[in-house]
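*Asks:*
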Amino acid sequence: MKSVVVIPARYGSSRYPGKPLVELLGKPMILWVAELAAQAVSPENVYVATEDESIAAVVSDAGYNAVMTSDSALTGTDRLAEAASQISADIFVNVQGDEPLVDPKDIVRIIDFKKAHMNKVINGFSVLSEGEDPANVNIPKVIATETGRMVYMSRNPLPGFKDATNKPGNYYKQVCIYAFTGDELAQFANYGRKSDLERCEDIEILRFLELGKDIQMVETQPGSLAVDVPEDVAPVEAALRARIG
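Residue numbers for the sequence shown follow this note's numbering, so the first one is 1 and each next one is one higher.
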């Protein structure tokens with residue numbers, strides 16, 4: 001089965017316009033992500049889905065595939081669905097363009113899980129690090145069963161507790177690596193709107209719950225940091241320096 005990575009990269013981010021092109025240690029963030037994705041699936045199987053010509057030019061000049069999508073995509077997954085209609089593949093892996101610390105081994109792990117469970121949507125998750133606040137609304141928190149089936153995802157701290165003695169030992173966050181089939185992406189896009197839960201939480205994977213899809217969470221390496229707002233750049237650059245050595 002052919003697996004490709006598609007990185008949605010929207011220039012017009014509401015919280016951080018131009019975010020895919022923000023420079024981290026002198027390199028546009030989108031290229032950090034593309035290079036890591038290429039380690040998992042090879043460069044010719046890495047695509048960047050964008051509505052912006054400047055992002056497409058940066059990606060193409062670096063030797064990766066750029067797929068132009070509309071400016072009206074509701075979410076990154078809707079943008080992925082648009083791109084998937086132009087790409088021949090069996091498995092489409094969404095790696096978010098603001099995750100420059102993603103581990104290529106985790107991408108491979110998600111792909112392998114998808115191959116073994118083609119009837120399920122696959123998503124990564126990891127334990128929150130000590131420096132991450134469960135109350136931070138920029139971090140989607142995950143509730144999953146003991147077998148990894150996603151129950152719910154929220155920007156509020158989950159799970160809740162009635163008594164402080166039952167406070168969870170760890171909170172888990174979504175890691176933005178997802179695996180889909182083309183049919184699953186088409187079903188998602190054909191829903192035609194954000195679901196009520198998706199709109200409230202601003203977490204797009206919740207739309208799959210309305211479609212009756214099982215979502216299997218796969219634990220990934222902890223330590224991934226995303227760039228959601230300008231204040232995230234400095235800690236991400238520090239983490240990149242530490243990784244590079």
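Note that CB positions come from ideal geometry on N, CA and C, so glycine has one too.
1. Measure the alpha-carbon distance for Ala56 versus Leu206 and round it to whole angstroms.
2. Between the alpha carbons of Thr75 and Tyr16, how many angstroms are there, rounded?
3. With distances taken from CA atoms, which of Leu211, Asp214, Met1, Gly245 is nearest Ile91?
4. Tell me whether Arg10 sits in a helix, a strand or coil according to DSSP, three-state version.
5. For the alpha helix (DSSP H) containing Val55, name the first residue and the last one.
6. Mapping the DSSP letters down to three states, classify Ala135 as helix, strand or coil.
7. What does a CB cutoff of less than 7 Å around Gly182 pick up in its chain, not counting 5 residues either side in sequence?
8. For Ser224, count neighbouring C-beta atoms within 10 Å of its own C-beta (all shown protein chains included) and say buried if the count is 16 or more, exposed if not.
9. State the beta-bridge partners of Lys141 as determined by DSSP.
10. Can you give me the C-alpha to C-alpha distance between Gly131 and Pro222, rounded to a whole angstrom?
11. With distance defined between alpha-carbon atoms, name the residue in Val41, Ser129, Gln96 nearest to Ala89.
12. In the DSSP assignment, the beta strand (DSSP E) including Phe161 goes from what residue to what residue?
13. Helix, strand or coil for Glu118 per DSSP?
14. Could you name the residues of the same chain whose beta carbon sits closer than 6 Å to that of Tyr178, not counting the 5 residues immediately before and after it, in chain order?
15. So which of Gln39, Ala9, Ala135 has the shortest CA-CA distance to Asp71?
16. Can you find at least 3 beta carbon pairs, one from the region 193-208 and one from the region 235-242, that sit closer than 8 Å?
17. For the candidate residues Gly12, Val102, His117, whose alpha-carbon lies nearest to that of Asp214?
18. For the beta strand (DSSP E) that Thr50 lies in, which residues bound it at each end?
19. Mapping DSSP to helix, strand and coil, what is Leu225?
20. Since Met68 sits in a beta bridge, which residues does DSSP pair it with?
*Replies:* Quick look at the numbers:
1. 29 Å
2. 15 Å
3. Met1
4. coil
5. Note that residue 55 is Ile in the sequence shown, not Val. Per DSSP, Ile55 belongs to the alpha helix (DSSP H) from 53-61.
6. If DSSP states are grouped into helix, strand and coil, Ala135 belongs with coil.
7. Ala84, Phe92
8. buried
9. Ser154, Lys173
10. 12 Å
11. Taking only the C-alpha atoms, the option nearest Ala89 is Val41.
12. Phe161: not part of any beta strand (DSSP E); DSSP gives it neither H nor E.
13. Per the sequence shown, residue 118 should be read as Met rather than Glu. Met118 falls in the coil class under three-state DSSP.
14. Around Tyr178: Asn94, Asn123.
15. Ala9
16. no
17. Of the listed residues, the one whose Cα sits closest to Asp214 is His117.
18. 46-50
19. coil
20. Thr50
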